[in-house]
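Protein chains in written order, with the numbering used here: chain S, 213 to 723; chain C, 4 to 325. Note that CB positions come from ideal geometry on N, CA and C, so glycine has one too.
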Amino acid sequence: MSERLAIELEGIDKRFGAVHANKDIHLKVAKGSIHGIVGENGAGKSTLMSILYGFYHADGGEIRVDGKTVTIASSQAAIALGIGMVHQHFMLVENFTVLENVILGAEGGARLGAGIGRARAELKRLAADYDLKVDPDAVTGDLPVGLQQRVEILKALFRGADVLILDEPTGVLTPPEADHLFRILRVLRDEGKTVLLITHKLREIMAVTDEVSVMRRGEIVATRETSKTSMGELAELMVGRRVLLEVEKTPAQPGAPLLTVEGLNVRDGRGVEVVKDVSFQVRAGEIVGIAGVSGNGQSELLEAIAGIRPARSGIVTIDGTRVDLAAARRDPAEIRSYGLAHVPEDRHRMGLVTRFHEYENAILGYHRDPAYGRGAFLDLDAIRDTARAEIEKYDIRPPDCFLKTANFSGGNQQKIVLAREIERDPAVLLVGQPTRGVDIGAIEFIHKRLVALRDAGKAVLLVSVELDEVRALADRVLVMFDGRVVGERAPETAESELGLLMAGAVQEAAE
Amino acid sequence: MLDTIILILDSTVRLSTPLLLAALAGLYSERSGVFDIGLEGKMLGAAFAAGAAAAVTGSAWIGLGAGILVSIALALVHGFACITHRGNQIVSGVAINFLAIGLTALLGQDWFRQGGRTPPVTGDARFGSIVLPFADSLRDVPVVGGIYAELLSGHNILVYIAFLAVPFTWWVLFRTRFGLRLRAVGENPAAVDTAGISVTWLRYRAVICTGILCGIAGTYLSVAQSAGFIKDMTAGKGFIALAALIFAKWKPVPVMFACLLFGFLDAAAIRLQGQQVPGIGEVPVQAIQALPYILTVVLLAGFIGRAVPPKAGGTAYVKERS
């Protein structure tokens with residue numbers, strides 16, 4: 213079989229300053245196939261695809277599309293070559309209708325009238341051909357994310373894409389939505405389109421791809437036929453050594469409850485109920501994990517308990533101190549003073565001021581502590597000593613407390629936050645997405661720290677959208693769906709069962 | 004009574020015109036994601052350029068051309084600072100306002116030696132009234148005749164341009180490719196960029212549109228409404244226009260009504276000076292003059308609901324590095 217190639221990359225190289233994001237990449241993608249590209253966060257997958265889509269320019273190397281050598285100087289050029297991209301963060305204008313979003317950049321004339329009519333007919337055809345139904349007149353921002361993603365796919369197809377790049381498409385989807393997406397991808401392939409699927413989830417690679425390339429630290433380390441490889445092999449290739457998917461820990465020895473949450477209700481800025489009547493306990497010496505698809509109230513739950521987000525009602529008891537979260541005056545500092553520490557989900561938005569020096573971030577939020585100064589003045593020597601001690605203990609690299617925090621890698625930034633919170637010796641630790649955007653070495657370190665904290669008799673509440681992480685770390689798993697705790701399971705519970713709970717397919721009363 | 008109302012409405016139209024032109028000018032820029040508090044400065048610069056050029060050449064049209072050119076030049080300065088160099092849009096706008104205040108006074112004094120004024124413009128150097136057909140013969144028809152002859156007829160061409168710019172802007176914004184892209188780039192420039200359209204060039208074009216309309220607004224002040232440039236003659240109209248733009252939630256037709264409302268308050272304030280208001284007596288001039296500003300604050304503070312600006316407004320576009 214003389215295989216025809218849709219895309220061929222020869223020696224693609226790209227640097228961002230000191231970061232060598234893509235090193236001498238060679239990749240062949242067969243026409244009419246689904247080709248997976250798998251790798252850890254920061255392995256260079258997205259950069260590579262952005263080069264292919266003309267968003268960045270490679271420093272070196274050659275791109276061939278349909279056998280012809282091309283230069284892709286802009287997204288426009290990529291589109292003209294029949295390459296379409298569905299970005300991880302949707303590139304949609306939220307207050308536009310679906311139709312307006314689809315024609316943006318491909319309007320077909322200076323006046324919209326005729327183009328819109330043609331687009332409407334074309335959308336109808338695409339919907340029928342590929343099972344991609346979306347109301348063309350709906351306001352895009354009002355659609356659920358699954359449908360917004362469909363709009364992105366339609367955008368690419370409307371522009372005549374033959375090669376479709378999807379960047380981490382399932383991060384925001386529920387398992388059933390992801391399944392629907394995979395069905396669509398298979399239809400696209402059967403119709404002769406080529407799909408490039410970027411992901412860090414091995415399960416998806418196994419489920420839907422024909423071939424898979426593994427990236428590690430900017431390089432493609434292997435390409436395999438999916439049917440002839442296994443998750444274990446791919447994981448090993450991704451990380452570069454045998455991976456302990458399990459976290460080593462002894463059975464929990466839970467003691468008295470350190471964190472009790474009763475009847476917590478939270479509304480978001482638009483008045484929508486996002487946390488609905490949630491109650492649970494975390495005891496000393498256990499890790500309770502909250503699993504759920506992103507956006508089901510977990511973030512708001514954490515923020516409400518930490519006192520960052522106002523609650524409609526709800527009582528928390530932290531190490532014996534009762535706090536009414538709905539009371540008019542509560543603030544994170546007060547709640548922290550009862551023995552609760554919080555590693556927020558998004559370290560850039562809440563955990564760190566990335567323009568500060570490392571030592572400034574090392575005490576952020578604890579700067580009123582008498583150990584770090586008197587009155588209005590900071591004791592910089594004491595602060596830097598603390599920072600240096602934490603850098604040593606948590607193996608934060610580079611070990612320089614004067615460095616701007618932005619210049620640390622994701623994993624080291626996360627360690628800065630973790631060190632700050634854990635070293636204040638809290639009774640209760642809230643951790644959100646502890647390993648998001650963190651390299652594998654740091655992941656293991658962070659997991660070990662959390663388990664050590666548990667073994668020291670503290671209570672840990674863990675929120676993560678990575679089900680594997682929750683299952684590996686937690687002693688009990690609570691599943692959240694649509695703002696409610698829809699079930700409690702042991703971490704050994706089958707993934708399929710947890711998946712159904714996360715998708716809201718099974719509803720049961722939380723105790 | 005009817006005559007009084009028609010007179011007030013007539014001056015409402017005249018007073019609304021510069022606001023309307025400036026607010027529509029701001030609409031193009033802000034819809035593209037470039038906030039512009041330099042409307043005032045551009046108007047002032049244009050008013051001076053138009054007044055000076057008209058006085059020297061004796062042609063109102065050359066005045067208009069000069070006004071538009073100067074305003075576009077100032078708009079491009081704003082664009083260069085904010086789009087190309089990703090500077091702070093508010094700071095750049097403030098700088099342009101100061102630049103215009105200082106330069107117009109300085110150059111005016113240096114060129115004409117009349118305390119910052121330009122020489123008065125008359126005849127062809129000023130935009131005169133256009134009398135619509137049959138205005139005089141219909142004048143005596145009750146009600147309709149008065150409205151036609153006084154309210155609709157007898158304005159200068161820039162007034163008609165201003166009000167025609169409203170449907171035109173609506174059409175551009177919602178019925179053309181440029182408008183679609185303009186609205187998109189103000190909401191999510193990344194979506195425009197990934198669609199293969201240049202964010203920079205699109206925003207520059209929007210800023211140039213702003214320059215053109217501000218130029219007409221300034222020209223109106225110095226060679227149509229007044230007969231010559233006077234120091235600081237914009238007197239905050241650029242800011243009132245900005246308020247009208249926010250008040251109208253960045254939509255062209257509501258912008259017109261907002262400007263008419265502010266113009267009406269101004270007209271009523273002039274009319275009410277020295278008059279006895281039943282139950283209150285004579286209202287102090289200052290209170291009446293403050294009315295439009297008070298109303299602006301009150302309306303903006305609570306009565307119009309949330310005015311959501313274009314989402315990407317105020318921030319320069321930087322390609323994200325993944």
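Proximity of chain S to Gly199(C) at the Cβ level (cut-off 7 Å) is accounted for by Ser286, Ser287, Gln288, Ile291, Gly317, in chain order. Counting the other CB atoms within 10 Å of its CB gives Phe228(S) a total below 16, which places it among the exposed residues.
In the DSSP assignment, Ala631(S) falls within the alpha helix (DSSP H) that extends over 622-634. Inclusion of Ile499(S) and Ala686(S) in the CB contact set at 8 Å is warranted, their separation being smaller than that value. Where Ser14(C) is concerned, the enclosing alpha helix (DSSP H) starts and stops at 5-34. Note on the segment 31-88 of chain C: whole alpha helix (DSSP H) runs with a minimum of 4 residues are 42-60, 63-82, in chain order.
Out of Leu366(S), Leu359(S), Gly404(S), the CA that lies nearest to the CA of Thr382(S) is found in Leu359(S). Within the same chain, Glu602 come within 7 Å of Glu635(S) by CB-CB distance, once the 5 residues on both sides are set aside. Taken atom to atom, the span from the alpha-carbon of Gly585(S) to that of Glu570(S) is near 17 Å. For Gly526(S), the uninterrupted beta strand (DSSP E) segment begins and ends at 525-530.
Residue environment: Glu512(S) is assigned as buried (16 or more neighbouring CB atoms within 10 Å of its CB, all protein chains considered). With respect to the 8 Å criterion, Arg666(S) and Gly497(S) are classified as neighbours on the basis of their beta carbons. According to DSSP, Phe302(S) shares a beta bridge with no other residue. Judged by DSSP in its simplified three-state form, Ser140(C) adopts helix. As a beta-bridge residue in DSSP terms, Ala242(S) pairs with Leu217(S).
Membership of Asn508(S) in any alpha helix (DSSP H) is not indicated, and neither H nor E is assigned to it by DSSP.
Contact between the segment 56-75 of chain C and the segment 6-18 of chain C is absent: fewer than 3 CB-CB pairs across the two stretches fall below 8 Å.
When DSSP states are grouped into helix, strand and coil, Ala434(S) belongs to the strand group.
Annotation for Pro469(S): no alpha helix (DSSP H) segment contains it, though the beta strand (DSSP E) segment containing it runs 469-479. The Cβ atoms of Leu302(C) and Phe250(C) lie closer than 8 Å to each other. Within chain S, the residues placing a beta-carbon under 8 Å from that of Arg178(C) are Arg323, Leu324, Gly325, ordered along the chain.
Against chain S, a Cβ distance below 8 Å from Asp139(C) picks out nothing, because the smallest value is about 40 Å. Distance check between Ala230(C) and each of Ile219(C), Cys85(C), Ala128(C) places Ala128(C) closest, using alpha-carbon atoms only. The three-state secondary structure of Gln465(S), taken from DSSP, is coil. At the C-beta level, Ile417(S) and Leu385(S) stay beyond 8 Å of one another. Within the segment 124-178 of chain C, the complete alpha helix (DSSP H) segments of 4 residues or longer fall at 138-141, 160-178, listed in chain order. Rounded to whole angstroms, Ala246(C) and Thr299(C) show a C-alpha spacing of 7 Å. In summary, Gly111(C) is buried, with 16 or more beta-carbon neighbours lying within 10 Å of its beta-carbon over all protein chains present. In the structure shown, the three-state DSSP call for Val311(C) is coil. Rounded to whole angstroms, the Cβ separation of Ser35(C) and Leu205(C) is 7 Å, and the two are in contact under 8 Å.
Pairing Lys226(S) with Ala270(S), the inter-Cα distance amounts to about 5 Å. Taking a Cβ-Cβ threshold of 8 Å, the residues of chain S close to Glu190(C) are Val305, Glu306, Asn307, Phe308, in chain order. Taken atom to atom, the span from the alpha-carbon of Leu710(S) to that of Gly695(S) is near 16 Å. Taking the beta carbon of Ala194(C) as reference, the chain S residues within 7 Å of it are Met303, Leu304, Val305, Leu316, listed in sequence order. Taking every protein chain shown into account, the CB of Ser549(S) has fewer than 16 other CB atoms within 10 angstroms, so this residue is exposed. Per DSSP, Phe693(S) is one residue of the beta strand (DSSP E) stretching across 688-693.
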